[in-house]
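Reading the sequence shown from the start, the letters are residues 188 to 313 in the working numbering.
This report concerns only the one structure given below.
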Amino acid sequence: MTRSTLLLASFVLLGPSIPAAAQDADFSLTYHIERTPAAQLSIETCGSTVADAAAQAGLRAVSQSFPGQLVTVSGGAEGRGAFVVQCIAVDDKTVSVVQGIDYQQAKGAIGDFADQAFAAVQATVR
Numbered sequence: 188m189t190r191s192t193l194l195l196a197s198f199v200l201l202g203p204s205i206p207a208a209a210q211d212a213d214f215s216l217t218y219h220i221e222r223t224p225a226a227q228l229s230i231e232t233c234g235s236t237v238a239d240a241a242a243q244a245g246l247r248a249v250s251q252s253f254p255g256q257l258v259t260v261s262g263g264a265e266g267r268g269a270f271v272v273q274c275i276a277v278d279d280k281t282v283s284v285v286q287g288i289d290y291q292q293a294k295g296a297i298g299d300f301a302d303q304a305f306a307a308v309q310a311t312v313r
């Protein structure tokens, strides 16, 4: 089976259950996205900046790197929320996508961390 066939099949099977689950969930999403010239911000610098910010905030974090393409940093705090940051190489740009999900209706500590991580990444732009 091709990858697209599997993806379509998963949407067909899971699609009806996702909206029902989302309606019952209490969460808050904080989301930032920015495109920066790669000469000013590398995906490696983007990822290491987020990992450092997570350590300083006392959050667990795991980094995954696909050289020249993508650096992902994800983690959070058990029971409080999770974050995912993707630093993506696109042509001559570094795209930083920062998402924080608090497991409550109002923005909380993880949303605040997403704001801080985004600001830290932007502060490294030369």
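Think of the CB as a built atom: it goes at the ideal place given N, C-alpha and C, for glycine as much as any other residue.
Check, Outcome
"Collapsed DSSP secondary structure at V237 in the structure displayed", "helix"
"Cut-off 7 Å between Cβ atoms - residues of its own chain near S229, not counting five sequence neighbours on either side", "T281"
"CA-to-CA distance, A306 to A244, given in whole angstroms", "14 Å"
"Reduced DSSP category for V282 - H, G, I as helix; E, B as strand; rest coil", "strand"
"Pair within 9 Å by beta-carbon distance, L216 and G295", "no"
"Of the listed residues L257, Q227, Q291, nearest to V271 (C-alpha basis)", "L257"
"Whole-angstrom distance between Q292 and Q131, CA atom to CA atom", "In the structure as shown, the chain starts at 188 and stops at 313, and residue 131 therefore has no counterpart that could be examined."
"Per-residue burial, D289 [other beta carbons within 10 Å of its own, 16 or more giving buried]", "buried"
"Cutoff 6 Å; reference V284; Cβ partners in own chain excluding five residues on either side", "I220, Q273"
"Distance between V277 and F214 (C-alpha atoms, nearest Å)", "30 Å"
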